[in-house]
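Chains as they are written, first to last, in my numbering: chain A, 1 to 221; chain B, 1 to 225.
The structure appears right after this line, and notes come after that.
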Amino acid sequence: MLGEMGFVPPLLGSRRRLDASATMPRRDLAHLSDEALVALTARSDEVAFAALYDRFGRAAFGLALRVLRDEALAEDAVQEAFLGVWRGASRFFPERAKASTWILTLVHRRAVDLVRREQRRRADPLPDSDFGGRERSAEDGAWLQLERERVQAALAALPDHQREAIELAYYGGFTQSELAERLGEPLGTIKSRMFAGLARLRELLDSPLDGDAWTPRRTTT
Amino acid sequence: MDAETHHDLTSAYVLDALDPSDLEAFEEHLATCVRCRELVAELSGAAAALAYAVPPVSPPPALRARILEAARAERPNVVALRPRWAMPAAAAAAIAACAAIGLGAWDLSLHDQLGAARDQALQRIPLRCSSPSCGAAGSVVVASGGSGALVLSNLVAAPAGKTYQAWVIRGRAVASAGLFRGGQATTIVTLSQPVRAGSLVAVTVEPAGGTAAPTRKPFIVSSPV
Chain A
1 MLGEMGFVPP LLGSRRRLDA SATMPRRDLA HLSDEALVAL TARSDEVAFA
51 ALYDRFGRAA FGLALRVLRD EALAEDAVQE AFLGVWRGAS RFFPERAKAS
101 TWILTLVHRR AVDLVRREQR RRADPLPDSD FGGRERSAED GAWLQLERER
151 VQAALAALPD HQREAIELAY YGGFTQSELA ERLGEPLGTI KSRMFAGLAR
201 LRELLDSPLD GDAWTPRRTT T
Chain B
1 MDAETHHDLT SAYVLDALDP SDLEAFEEHL ATCVRCRELV AELSGAAAAL
51 AYAVPPVSPP PALRARILEA ARAERPNVVA LRPRWAMPAA AAAAIAACAA
101 IGLGAWDLSL HDQLGAARDQ ALQRIPLRCS SPSCGAAGSV VVASGGSGAL
151 VLSNLVAAPA GKTYQAWVIR GRAVASAGLF RGGQATTIVT LSQPVRAGSL
201 VAVTVEPAGG TAAPTRKPFI VSSPV
């Protein structure tokens, strides 16, 4: 779906943050796809691994912070997830999933594991403005900005009940039965909302012509 | 749980929202249900996209150094294993198996760089076949991270109502590693379970749809990996 937008991640300068690190030989891997970096990581290529972190670290930390609402725990989740990338890179199947999906799935899983262990999820997920408003800069990048608008627009287009179930599950870390209890609905209702909601979200994300909120705008004058 | 129920649980699974009791049953089911695996693959992209709806936040710089240091300390998969086989005979199967286990699908530029190293990182373990229904040759190809594929020559198609089922056996633990039909000159099966040192890979004939545990004696067994 990203390809349809004409924004192919591997070529995108805005997501490229290859810091010159004192501990790392400098090598420009910006032209490689995410999947190629994972393949190199599977060969224990630390530079490629660092480049993956530089591409996904901010999205990962933002997500972990949203779920955990605690910086130290979010750091733990991101660290564990990226060590999962390091250990699991050789078992990654590029035919089955995009590398970005795999990495963000690992981050989310670690964050949810931690939030459940810490019993921190009793409060409602915080609105966007509470975290992440700072440090927004040119580095944030056009691609992330557009992707955020696109996903937010798709979420907004879901029926309220479906959106609620998905947001509380994904950002709040609630299980289905916890959601049923919290919302005072039968478990079966929660299950169908979640299934219908995510299926619909996928359709919305896959159809580039629905709405124009995220359509890249070119300056013509 | 029936198949329809499982089907409905795919969304919760990719959202990490299954209750622990459902999770175990669902993952067991996933090992044998191609349809659910496809659904999971389709929906996981949408679930992961939810991460982008959250504003990104720069992690503290120290985290980067800490992660790289921890990774370096582990170095889990750095050693390229010695090839155990003479190249020409096995080359074709190895290349096919590379594709099957996901090692062959990236940039062409990388392909050249990695080609030599990649071949050395594969182990090939011979299979013994105790049935006339499989032809002469077969092997398990295992990459350094443990992903593996079965490569079988001239295996006749499974009889009607039956399927071949691959298993990874380690000590007393037996895990289903995929269903397949055979019937081609070369059958390549990507194993859904990692193949760790000390494991065996075996194949049984099972009722269509597969089983949770082998009901027959394996007719193909590998040497220990």
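C-beta: ideal position from N, C-alpha, C; glycine also.
Since the structure is predicted, the reported quantities are computational estimates derived from the model, not experimental observations.
Could you say which of the options lies nearest to residue i if we only look at CA atoms?
i       : options                               : result
P207(B) : S199(B), F180(B) and P126(B)          : F180(B)
A73(B)  : A89(A), L63(A), D70(A) and E46(A)     : E46(A)
A111(A) : E95(A), A99(A), Q79(A) and R96(A)     : Q79(A)
E38(B)  : R55(A), E95(A), H161(A) and T105(A)   : E95(A)
S100(A) : L50(B), L9(B) and R75(B)              : L50(B)
A65(B)  : Y53(A), A30(A) and L68(A)             : Y53(A)
G209(B) : Q165(B), E24(B) and L18(B)            : Q165(B)
P224(B) : C129(B), V201(B) and P59(B)           : V201(B)
L198(A) : A41(B), V34(B) and V189(B)            : A41(B)
T211(B) : C33(B), L155(B) and I125(B)           : C33(B)
Q119(A) : R69(A), A165(A) and G88(A)            : R69(A)
D8(B)   : S192(A), Y170(A), F174(A) and D206(A) : S192(A)
T163(B) : R124(B), V203(B) and P60(B)           : V203(B)
T41(A)  : R148(A), A89(A) and L144(A)           : A89(A)
A157(A) : E71(A), D28(A), L205(A) and Y170(A)   : L205(A)
R148(A) : S11(B), L18(B), A48(B) and D22(B)     : A48(B)
R124(B) : P20(B), A25(B), S222(B) and A12(B)    : S222(B)
W143(A) : E35(A), V67(A) and R55(A)             : R55(A)
Between which two residues does the alpha helix (DSSP H) carrying residue i extend?
i       : result
T32(B)  : P20 to T32
Y52(B)  : It is not in any alpha helix (DSSP H) - Y52(B) carries neither H nor E in the DSSP assignment.
E258(B) : Residue 258(B) is absent from the model: chain B starts at 1 and stops at 225.
S177(A) : Q176 to L183
T41(A)  : D34 to A42
V223(A) : Because chain A in this structure spans residues 1 to 221, residue 223(A) falls outside the shown range and cannot be described.
V78(A)  : E71 to G88
Y171(A) : That residue, Y171(A), is in no alpha helix (DSSP H); it is neither H nor E in DSSP.
G188(A) : L187 to D206
T12(B)  : Checking the displayed sequence, the identity of residue 12(B) turns out to be Ala instead of Thr. T10 to V14 is the extent of the alpha helix (DSSP H) around A12(B).
Are residue i and residue j close, meaning C-beta to C-beta below 8 angstroms?
i       : j       : result
I220(B) : G148(B) : no
A50(A)  : L68(B)  : yes
L30(B)  : C36(B)  : yes
M194(A) : L15(B)  : yes
S177(A) : L168(A) : no
V85(A)  : Y52(B)  : no
V205(B) : R216(B) : yes
D182(B) : A157(B) : The question names Asp, but residue 182(B) is Gly in the sequence shown. Taking 8 angstroms as the Cβ cut-off, G182(B) and A157(B) qualify as a contacting pair.
V140(B) : L150(B) : yes
G45(B)  : R91(A)  : no
S153(B) : W167(B) : no
L65(A)  : V57(B)  : yes
L191(B) : G171(B) : no
L37(A)  : A48(A)  : yes
F174(A) : R163(A) : no
P55(B)  : G62(A)  : yes
A154(A) : L201(A) : yes
E75(A)  : P59(B)  : yes
A71(B)  : L106(A) : no
L179(A) : I166(A) : no
S44(A)  : R75(B)  : yes
A213(B) : V174(B) : yes
Residues of chain B with CB closer than 9 angstroms to the CB of residue i, please, in chain order.
i       : result
A108(A) : Correcting the residue type first, residue 108(A) is His in the shown sequence and not Ala. Chain B residues near H108(A): L15, D16, A47, A48, L50 and A51.
E46(A)  : L68, A71 and R72
R148(A) : Y52, A53, V54, P55 and P56
Strictly by DSSP, which residues pair up with residue i?
i       : result
Q193(B) : Partner(s): none; Q193(B) has no beta bridge.
F180(B) : Y164(B)
V174(B) : I169(B)
V151(A) : Partner(s): none; V151(A) has no beta bridge.
P126(B) : S139(B)
I103(A) : Partner(s): none; I103(A) has no beta bridge.
V221(B) : R128(B) and A202(B)
I188(B) : V151(B)
Going along chain B, which residues have a C-beta under 7 angstroms from residue i?
i       : result
V115(A) : What V115(A) touches in chain B: nothing, since even the nearest Cβ is about 10 angstroms away.
R96(A)  : A41
Q176(A) : A12, A17, L18 and D19
Would you mind telling me which residues of chain A sit closer than 8 angstroms to residue i, beta carbon to beta carbon, in chain order?
i       : result
E42(B)  : R202
R172(B) : Residues of chain A passing the Cβ test: none, with the nearest at roughly 24 angstroms.
Going along chain A in order, which residues have a C-beta closer than 7 angstroms to the C-beta of residue i?
i       : result
L63(B)  : E75, V78 and Q79
S147(B) : S90 and R91
Could you spell out the range, first to last residue, of the beta strand (DSSP E) harbouring residue i?
i       : result
E206(B) : L200 to P207
S153(B) : G148 to S153
Using a Cβ cut-off of 9 angstroms, pull out every chain A residue sitting near residue i, in sequence order please.
i       : result
A177(B) : Residues of chain A passing the Cβ test: none, with the nearest at roughly 13 angstroms.
S144(B) : A42, R43 and S90
R35(B)  : Here the premise fails: no neighbours, minimum Cβ distance about 14 angstroms.
Give me the chain B residues within the contact set of residue i, using Cβ-Cβ distance strictly less than 8 angstroms, ordered along the chain.
i      : result
A30(A) : Those do not exist, as A30(A) stays about 13 angstroms from chain B at its closest Cβ, beyond 8 angstroms.
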